[in-house]
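The structure appears right after this line, and notes come after that.
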Amino acid sequence: MNLTNLDECIHVVDDGTKLEKVLQSITESGVQEDAFYVFDVGDIVRKYEIFTTKLPRVKPFYESILIKPIFYSITVFALYVFLAVKCNDNAIVLEVLATLGANFDCASKGEINKVLDLGINQSRILFANPAKPASHIRHAATVGVDLMTFDNESELHKVKSLYPNARLVIRVRCDADVAQCPLGLKFGCDILTEAPRLIRVARFLGLEVVGISFHVGSGCDDPPVFRRGIAAARKLFDYATTLGYNFDLLDLGGGYPGNTGTSIDKIADVINLALEEFFPDPSVKVIAEPGRFFVASAFALATNIHSKREVRNNDEKDGSITHVMYYINDGVYGAFNCCLYDHYHPTPIPLEVSFCSNTVLLYNVSLYAKPLFFEIIVL
């Protein structure tokens, strides 16, 4: 198994090849000493099948936050050197999802260009940023990305001035009681007090509003919140009808857990029952933004422990070691930003262990984590 040719980012290996063997092949070769990811392309394919099977009415829009990774790709496994947030814009990820039929949730001009450069039609893009710079709205108009979100009156006036033919989706606030990253303080208008007024303002300005969007927060652990959001959307659909609108789009946002060992079964059950109750009409297009769900378990990060520091107590006579700090070649300004923003507690898995008596020495060895990260001194 030769996975050491850095000129090739895609490597096909035998079925049943374990991730640890792939990582060991790369680290033992010595050609890649920097931290890197191995990307299991097949994992994304399986995740797409799971999502579309469990949520048959929901069309996934992949959230392609713009970053710059370097990976290895397996069974098909894919090497690039590296960076990762809750999801990523790696071209292989985007091409695989596009081939499977996913559409794309973009939040900036750069992300829109990244998707369009792959030959993906602009009709498959949702500009899902409720507060957009004017230059980005003008760019969307130039390239024909006409579906976009808003959650405030100022945005409506910007769109009226810069892109009056845009199709708009109003984003409402519907935070889960338990989520890794609640988003309600940043995005989304109040369902009861703000949303009806914004729909009226849009009507007065002659803008086309086509539907409702909400996001319960990343890493949702509160499945009933999806029913609350869908029920609230139904009321706003009905209210918009009284103003002459005919909404036909419901965006369920993100929040679907995707790490190894997690499941969307409970969330899917809640969504399916709520759609049957509140939106039985199949003409309403239902979409979602499961970015993290698709990629979280598909990537494994390998790092090197390059240094260690033995910390001793202050007893002059004893001076025994109280603990050891290990330093790896990645940190919170790279792959481990999840420790700061997602309250994540990564767990290390040694790829190589040296023994001395009963002590395990983790010095000048490699570690990997799946999903993404591990627990160690991260600076």
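UniProt numbering puts the first residue of the sequence shown at 1, with every later residue one more than the last. Beta carbons are placed, not taken as given, at the ideal position from N, Cα and C, and that holds for glycine.
Quick check: the Cα distance between residue i and residue j, rounded to an integer number of angstroms?
i, j, result
"residue 137", "residue 329", "39 Å"
"residue 305", "residue 230", "48 Å"
"residue 336", "residue 301", "10 Å"
"residue 202", "residue 156", "7 Å"
"residue 255", "residue 294", "11 Å"
"residue 317", "residue 309", "20 Å"
"residue 112", "residue 321", "53 Å"
"residue 115", "residue 104", "8 Å"
"residue 234", "residue 334", "41 Å"
"residue 52", "residue 154", "36 Å"
"residue 227", "residue 50", "21 Å"
"residue 62", "residue 141", "21 Å"
"residue 380", "residue 323", "The structure shown does not extend to residue 380, since the chain is modelled only from 1 to 379, so the question has no answer here."
"residue 268", "residue 314", "55 Å"
"residue 76", "residue 47", "Summary for residue 76: the model assigns pLDDT 47, below 50, so the residue's position carries little reliability; its value from the coordinates is reported in the next sentence. In a straight line, the C-alpha of residue 76 is about 15 Å away from that of residue 47."
"residue 264", "residue 54", "8 Å"
"residue 241", "residue 271", "23 Å"
"residue 41", "residue 299", "9 Å"
"residue 107", "residue 344", "24 Å"
"residue 277", "residue 16", "43 Å"
"residue 132", "residue 25", "45 Å"
"residue 224", "residue 338", "25 Å"
"residue 381", "residue 349", "Outside the displayed span of the chain (1 to 379) sits residue 381, for which this structure offers no information."
"residue 266", "residue 162", "42 Å"
"residue 404", "residue 279", "Because residue 404 is not part of the residues shown, which for the chain are 1 to 379, the question remains open."
"residue 251", "residue 145", "17 Å"
So, using beta-carbon positions, are residue i and residue j closer together than 8 Å?
i, j, result
"residue 253", "residue 289", "yes"
"residue 243", "residue 199", "yes"
"residue 237", "residue 172", "no"
"residue 245", "residue 196", "no"
"residue 170", "residue 125", "no"
"residue 120", "residue 39", "no"
"residue 20", "residue 351", "yes"
"residue 297", "residue 43", "yes"
"residue 100", "residue 118", "no"
"residue 59", "residue 286", "yes"
For residue i, count the other beta carbons within 10 Å of its own beta carbon; 16 or more makes it buried, fewer makes it exposed. Which is it?
i, result
"residue 325", "exposed"
"residue 135", "exposed"
"residue 11", "buried"
"residue 149", "buried"
"residue 127", "buried"
"residue 109", "buried"
"residue 37", "buried"
"residue 97", "buried"
"residue 433", "Since the first residue shown for the chain is 1 and the last is 379, residue 433 is missing from the structure and cannot be characterised."
"residue 291", "buried"
"residue 346", "buried"
"residue 204", "exposed"
"residue 123", "exposed"
"residue 307", "exposed"
"residue 143", "exposed"
"residue 380", "Lying outside 1 to 379, the shown extent of the chain, residue 380 is not represented and no answer is given."
"residue 31", "exposed"
"residue 218", "buried"
Ignore the nearest five residues each way along the sequence and tell me which others in residue i's own chain have a CB closer than 7 Å to its CB.
i, result
"residue 190", "173"
"residue 210", "167, 168, 169, 247, 248, 249"
"residue 312", "319, 320, 321, 322"
With a CB to CB cut of under 6 Å and the five nearest residues on each side skipped, what residues in its chain are close to residue i?
i, result
"residue 274", "227, 230"
"residue 232", "191"
"residue 188", "151, 171, 172, 173"
"residue 303", "35, 328, 329, 330, 367"
"residue 193", "none"
"residue 340", "332"
"residue 102", "60, 62"
For residue i, I'd like the list of residues in its chain whose CB is within less than 8 Å of its CB, leaving aside the five on either flank, ordered along the chain.
i, result
"residue 207", "156, 159, 160, 164, 166, 168"
"residue 130", "149, 150, 151, 152, 155, 171, 187, 188"
"residue 45", "96, 100"
"residue 57", "272, 275, 282, 286"
* Pick out the complete alpha helix (DSSP H) segments inside the region 211-247, 4 residues or longer, and give them in chain order. => 224-242
* Sequence ranges, beta strand (DSSP E) only - wholly within the region 15-56, length at least 3 -> 36-40
* To do: Entirely within the region 291-322 and at least 3 residues each: give me those beta strand (DSSP E) ranges in chain order.
  => 299-312
* To do: For the region 92-180, list the alpha helix (DSSP H) runs that are entirely contained and at least 4 residues long, ordered along the chain.
  => 109-116, 134-143, 153-162
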